[in-house]
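Those protein sequences? They're chains A and B, same order as listed.
The numbering of the first sequence is full-length UniProt numbering, which starts it at 1 and goes up by one.
The numbering of the second sequence is full-length UniProt numbering, which starts it at 1 and goes up by one.
Heads up, the beta-carbon is just placed ideally off N, CA and C, and yes, glycines get one too.
2 protein chains.
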Amino acid sequence: MLGKAIGIFDSGVGGLTVFKEVADLLPRENLIYLGDTARVPYGSKSVKTVQRYALEAAEFLVDRGVKLLVVACNTASAVALEQLRERFQLPVIGVIEPGARRACASRNRRIGVIGTEGTINSGRYPQAISALVPDARIFSIACPLFVPLAEEGWAEHEIARLTALEYLQPLLKAQIDTLVLGCTHYPLLHNTLRGIFGADVLLVDSAEETAKTVQQLFCRQGLENPDSGGRREFYVTDVPTRFERVGQAFLGAELGRVVQVEIG
Amino acid sequence: MLGKAIGIFDSGVGGLTVFKEVADLLPRENLIYLGDTARVPYGSKSVKTVQRYALEAAEFLVDRGVKLLVVACNTASAVALEQLRERFQLPVIGVIEPGARRACASRNRRIGVIGTEGTINSGRYPQAISALVPDARIFSIACPLFVPLAEEGWAEHEIARLTALEYLQPLLKAQIDTLVLGCTHYPLLHNTLRGIFGADVLLVDSAEETAKTVQQLFCRQGLENPDSGGRREFYVTDVPTRFERVGQAFLGAELGRVVQVEIG
Chain A
1 MLGKAIGIFD
11 SGVGGLTVFK
21 EVADLLPREN
31 LIYLGDTARV
41 PYGSKSVKTV
51 QRYALEAAEF
61 LVDRGVKLLV
71 VACNTASAVA
81 LEQLRERFQL
91 PVIGVIEPGA
101 RRACASRNRR
111 IGVIGTEGTI
121 NSGRYPQAIS
131 ALVPDARIFS
141 IACPLFVPLA
151 EEGWAEHEIA
161 RLTALEYLQP
171 LLKAQIDTLV
181 LGCTHYPLLH
191 NTLRGIFGAD
201 VLLVDSAEET
211 AKTVQQLFCR
221 QGLENPDSGG
231 RREFYVTDVP
241 TRFERVGQAF
251 LGAELGRVVQ
261 VEIG
Chain B
1 MLGKAIGIFD
11 SGVGGLTVFK
21 EVADLLPREN
31 LIYLGDTARV
41 PYGSKSVKTV
51 QRYALEAAEF
61 LVDRGVKLLV
71 VACNTASAVA
81 LEQLRERFQL
91 PVIGVIEPGA
101 RRACASRNRR
111 IGVIGTEGTI
121 NSGRYPQAIS
131 ALVPDARIFS
141 IACPLFVPLA
151 EEGWAEHEIA
161 RLTALEYLQP
171 LLKAQIDTLV
181 LGCTHYPLLH
191 NTLRGIFGAD
201 VLLVDSAEET
211 AKTVQQLFCR
221 QGLENPDSGG
231 RREFYVTDVP
241 TRFERVGQAF
251 LGAELGRVVQ
261 VEIG
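In structure tokens:
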């Protein structure tokens, strides 16, 4: 018999960075991924609309009997996590708290946060970081062009570098020593950001931190299914073609079969 | 009594360029605009999903008793126009045919078309142009970053110029004398494109051409309501804040009240 799976959802393809890290740390667990590609992006939409979409996405996964829900989308984590926890009787892990915890490694307590408009406007990263490091100075900037640049395959293009320089001047000026990549697409811009901030600024990848949090929870709550077989399932709400193509860059591997479903 | 209105819909805010041109040519007509901002963009989504969204948007306007439907979205015009014409008993005007007609002014019959992935992949512009000028050479390029650049307010920024240069090299090389701006956002990049192509290339703005087509149809079919009062109504599917803010740049004026509705 197959063990219960971990359910992971995102507005689209970006959450595959989280999926990849979870799969690396827990290779024998079954994983189900849902990308809401018919309604992507969430980052420029309103709190209410993102909450509705997140509930519908979570419902799809819960109906498939997952034992744990990972909200791989920063925007949905920022505005819908409490609602999901209230609604569903299973552990729900978002990407904000794990990223915020890692950011506390900052030595000068000057921390930058970048993300979508929705994530930055929510103020959830500063809130989560301040709860852990009350005297941290936090500098938040929305970078709406980073997602389309990453999806265009231009994450390391000169235009991405110039765009990043334009957005991130205030963070350079603020002399941050830690930068939270508060969007699942941004790890693709890692080299571009490293080029701008140099070797000394810690780049926090929420995907890695979230996967570690999932692993810790599994240890603590005894949620592991070591005999599950490591099945992977991918679902999307629009036709899979584009997801399959762009998804490879995020997963660093071929996805296998992707199934289109209706939600909401 | 109020006369019947013209209904105009788009995936979001871009169709306001069409709205503006129609309002300029037919100032006394009543106009209803719907922007499907909860599901924007259409340009990167599949044919089937865009068809479903377009039918739902059109239905909303038809239910409000419009006498004419304008599909201001290039992607929806490219993939859903036939379906809309079959479904609804009223004139339906898209933006592709008017733009294609204008492109026939080309003297060297070397015509460029730029648009979203959905519009370019549909092949509808080349099809419509070739039907009018069978020996035209048509060069089509998708420019996915133009929409986010325009929405970021960077349409005339150096980064927009570099992005355009990157996308449009093949069109410069092809020595086109006519360029169809096949997306409602692109008129905002007019100056940037003019800088790249120089004064001699005709830039075809589908919005203007579509408005002229509406006006001609009104003349021909006697659809005018000269006493309607020029009422304007704006509806969106997500909360209006962002639409109101970004919309001003497209309309060149304040929008007044914008109402959120559910469709689909």
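Closer than 7 Å by C-beta to B:Met1: which residues in its own chain qualify, once you throw out the five before and the five after it? Chain order, please. With a pLDDT of 39 at B:Met1, under the threshold of 50, the modelled position of that residue is not reliable, and the figure given next carries that caveat. Excluding sequence neighbours, B:Met1 sits near nothing in its chain.
CB contact below 7 Å: B:Ser140 versus chain A: no
For B:Val50 and B:Ala76, I'd like the C-alpha separation in whole angstroms. 6 Å
Would a check of beta-carbon distances place A:Leu193 closer than 7 Å to chain B? no
Spatial neighbours of B:Asp135 in its chain, beta-carbon cut-off 7 Å, leaving aside the 5 residues before and after: Arg109
Classification of A:Leu217 by the beta-carbon crowding that lies within 10 angstroms, buried from 16 upward: exposed
With burial defined as no fewer than 16 other Cβ atoms inside 10 Å of the residue's Cβ, what is the status of B:Thr241: buried or exposed? exposed
In chain order, what residues of the same chain have a beta carbon less than 8 Å from the beta carbon of B:Leu25, not counting five sequence neighbours either side? Ala211, Lys212, Val214 and Gln215
Would you call A:Glu209 buried or exposed, if buried means 16 or more other Cβ atoms sit within 10 Å of its Cβ? buried
Who are the near neighbours of B:Ala128 in its chain, counting only those whose CB is closer than 7 Å to its CB and skipping five residues on each side? Ile96, Glu97 and Ala100
is_contact[B:Arg245, chain A] using C-beta, thresh 7 Å: no
Is it true that the region 195-208 of chain B meets the region 246-258 of chain A, where meeting means three or more beta-carbon pairs spaced less than 8 Å apart? no
According to the neighbour-count rule (16 or more other Cβ atoms, all chains shown, within 10 Å of its Cβ), is B:Gly256 buried or exposed? exposed
Based on Cα-Cα distance, which residue from B:Leu34, B:Leu81 and B:Tyr125 lies nearest to B:Val258? B:Leu34
For the region 129-154 of chain A, list every residue whose C-beta sits within 9 Å of some C-beta in chain B, in sequence order. Pro144, Leu145, Val147, Pro148, Leu149, Glu151, Glu152 and Trp154
At which residues does the alpha helix (DSSP H) containing A:Ser11 begin and terminate? Element bounds for A:Ser11: n/a, residue is neither H nor E.
Sufficient close CB pairs (3 or more, under 8 Å) joining the region 36-49 of chain A to the region 108-122 of chain A: yes
Taking a cut of 9 Å between CB atoms, which residues from the region 39-57 of chain B lie near chain A? Arg39, Val40, Pro41, Ser44, Lys45, Ser46, Val47, Lys48, Thr49, Arg52 and Tyr53
Secondary structure at B:Val259, three-state DSSP: helix, strand or coil? strand
I'd like to know whether the C-beta atoms of A:Pro144 and B:Glu152 end up nearer to each other than 7 Å. yes
Let's see if you can read the secondary structure: which residues bound the alpha helix (DSSP H) around B:Leu236? Note on residue identity: the sequence assigns Val, not Leu, to residue 236 of chain B. First-last for B:Val236: Arg232 to Val236, but that is the beta strand (DSSP E), not the alpha helix (DSSP H).
Where do the ends of the beta strand (DSSP E) carrying A:Ile96 lie? Careful: A:Ile96 lies outside any beta strand (DSSP E), inside the alpha helix (DSSP H) at Ile96 to Ala103.
Under 6 Å Cβ to Cβ from A:Arg232, same chain only, skipping five residues before and after it: list those, please. Leu31
Could you tell me the distance, in whole angstroms, from the CA atom of A:Val89 to the CA atom of A:Ser46? The displayed chain sequence assigns Gln, not Val, to residue 89 of chain A. The straight-line gap from Cα to Cα measures roughly 26 Å.
Looking at the unbroken beta strand (DSSP E) that takes in A:Gly195, where does it start and where does it end? From DSSP, A:Gly195 is part of no beta strand (DSSP E) but of the alpha helix (DSSP H) over His190 to Phe197.
Select from B:Val62, B:Leu168 and B:Asp10 the residue whose C-alpha is nearest the C-alpha of B:Ile114. B:Leu168
Going by other Cβ atoms of all chains shown within 10 Å of its Cβ, with 16 needed for buried, is A:Ala253 buried or exposed? exposed
Looking at the C-beta of A:Leu68, does it have a partner C-beta in chain B at a distance below 7 Å? no
Is there at least one Cβ from chain B nearer than 7 Å to A:Met1's Cβ? Any reading at A:Met1 must be qualified, since the residue scores a pLDDT of 38, below 50, and its modelled position is unreliable; the value itself is stated next. No, because no Cβ of chain B sits closer than 7 Å to the Cβ of A:Met1.
Say whether chain B places a C-beta atom closer than 7 Å to the C-beta of A:Ala13. Just to set this straight, residue 13 of chain A is Val in the shown sequence, not Ala. Taking Cβ atoms only, chain B never reaches closer than 7 Å to A:Val13, which makes this a no.
Judging by CA-CA distance, which residue of A:Gly230, A:Cys73, A:Phe9 and A:Ala80 is the nearest neighbour of A:Val147? A:Cys73
So A:Phe60 packs on A:Val261, CB below 8 Å; how close in whole Å? 7 Å
According to DSSP, is A:Thr75 helix, strand or coil? helix
In whole angstroms, what separates the C-alpha of A:Val66 from that of B:Gly229? 57 Å
One question on the structure: do B:Val180 and B:Ala103 come within less than 7 Å of each other, judged by their Cβ atoms? yes
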